[in-house]
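For reference, the structure is listed below as structure tokens.
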Amino acid sequence: MFLRKKDNAEELVRTAGLISQSNHLVALTGAGCSTESGIPDFRSPGGLWKKYDPAVYADYSYFLKDPSRFWEMSVELLPLLENALPNAAHLALAKLEKGNILKTIITQNIDDLHQKAGSSKVIELHGSYRAAACLTCERDVSLDEMKRLLNKPYPECPYCRGTLKPKVILFGEALDPDILRQATIEAGKADLLLIIGTGLEIYPASFVPSVTKQHGGKLILINNERVSRPHKADIFLQGKAAEILPEILSLVNHR
Ligand code: NAD
103 MFLRKKDNAE ELVRTAGLIS QSNHLVALTG AGCSTESGIP DFRSPGGLWK KYDPAVYADY
163 SYFLKDPSRF WEMSVELLPL LENALPNAAH LALAKLEKGN ILKTIITQNI DDLHQKAGSS
223 KVIELHGSYR AAACLTCERD VSLDEMKRLL NKPYPECPYC RGTLKPKVIL FGEALDPDIL
283 RQATIEAGKA DLLLIIGTGL EIYPASFVPS VTKQHGGKLI LINNERVSRP HKADIFLQGK
343 AAEILPEILS LVNHR
């Protein structure tokens, strides 16, 4: 059932009740969870795609042909990601994990902010910006090393001069099957899934709510606007994640 923003008070109480009673609470987070940490999302006005066409800057086959565009965007993004701090949404989720209420976060984000907030059970569907690997010799290169090598159109592997690619999933690139398996298991175990700040438009992340629903779990959608694929959410809370999650946290019965 979809409710308007003015109805949030009642829905917040209902959400907190469901969380308090849940046995296996899981969160699925997207770029909207981090916008209030200063990292733009892809689709909102002012989002990254307005400046960088994804078909050029974040597409895997394009990257293989010409990695320099991707790295051009990364030069702007890296300091933003490195300096970003977790916001109240990340912190509320970390507290729910500490209270043994939230079992896992499945995130589409690559920004490390859940871990910076103190969450430890984080499944990173799309990888993390913090490391890169060589496409030729497959050796890992740390973030510091990668930054040191960024003085060319794109950084070359310090071992074999192959192309370095951050360990993030680009459009058209397959997800790590083991990560996908872990996410599917967690989504299936979830009796309640909090879906936070995602447009649910990117497959296979968008399948996660369907898995929970198929196993009889409930869905709570938190987004500042209506999403086009709501997956039959049981509750929709419209507003900013960094405002709504602390409110929910304050209403949850801590065990
Ligand atoms: P998206 O841009 O498609 O959707 C973001 C959603 O969050 C939108 O529906 C928007 O209305 C909502 N939103 C924005 N700010 C919000 C807020 N403060 N509170 C609540 N909702 C808010 O992002 P996506 O669905 O995550 O998919 C885009 C892909 O790009 C994913 O792989 C994502 O991880 C990646 N990405 C990651 C980052 C990051 O790591 N921070 C940033 C940009 C994109």
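Its first residue numbered 103, the sequence shown is counted upward by one per residue in the numbering used here.
Glycine included, every Cβ here is placed at the ideal spot set by N, Cα and C.
On a predicted model such as this, the values are computed, not experimentally measured, just so you know.
Closest by CA to residue i, which one among the options?
i	options	result
Gly134	Asn355, Ala344, Ser352, His126	Ala344
Gly319	Leu353, Glu327, His333	His333
Ser221	Ile121, Ala129, Val177, Ile281	Ala129
Ala234	Cys259, Ala219, Leu215	Cys259
Asp143	Gly119, Leu183, His126, Arg116	Leu183
Pro255	Gly274, Ser312, Met175, Asn125	Met175
Thr265	Leu294, Cys239, Lys342, Ser122	Cys239
So, are the CB atoms of residue i and residue j less than 8 Å apart?
i	j	result
Ile287	Leu114	no
His216	Val270	no
Arg171	Tyr164	yes
Ile298	Ile281	no
Arg331	Ser308	yes
Leu295	Ile121	no
Ala285	Ile337	no
What did DSSP end up calling residue i once you bin it into helix, strand or coil?
i	result
Leu105	Any reading at Leu105 needs caution, since the residue's pLDDT is 43, under 50, leaving its predicted position unreliable; the model's value is listed next. Here Leu105 sits in coil by DSSP.
Asp242	strand
Leu114	helix
Leu272	coil
Asn125	coil
Phe338	strand
Thr300	coil
Asn326	coil
Please classify residue i as buried or exposed, where buried requires at least 16 neighbouring CB atoms within 10 angstroms.
i	result
Asn189	buried
Tyr305	exposed
Tyr261	exposed
Phe104	Low local confidence applies: a pLDDT of 45 at Phe104 is under 50, so the model's placement there is unreliable, and no value is given.
Lys152	exposed
Gly301	buried
Quick one: measure Cβ to Cβ for residue i and residue j, integer angstroms, because I've assumed they're closer than 8 Å.
i	j	result
Leu272	Ala160	5 Å
Leu195	Ala219	7 Å
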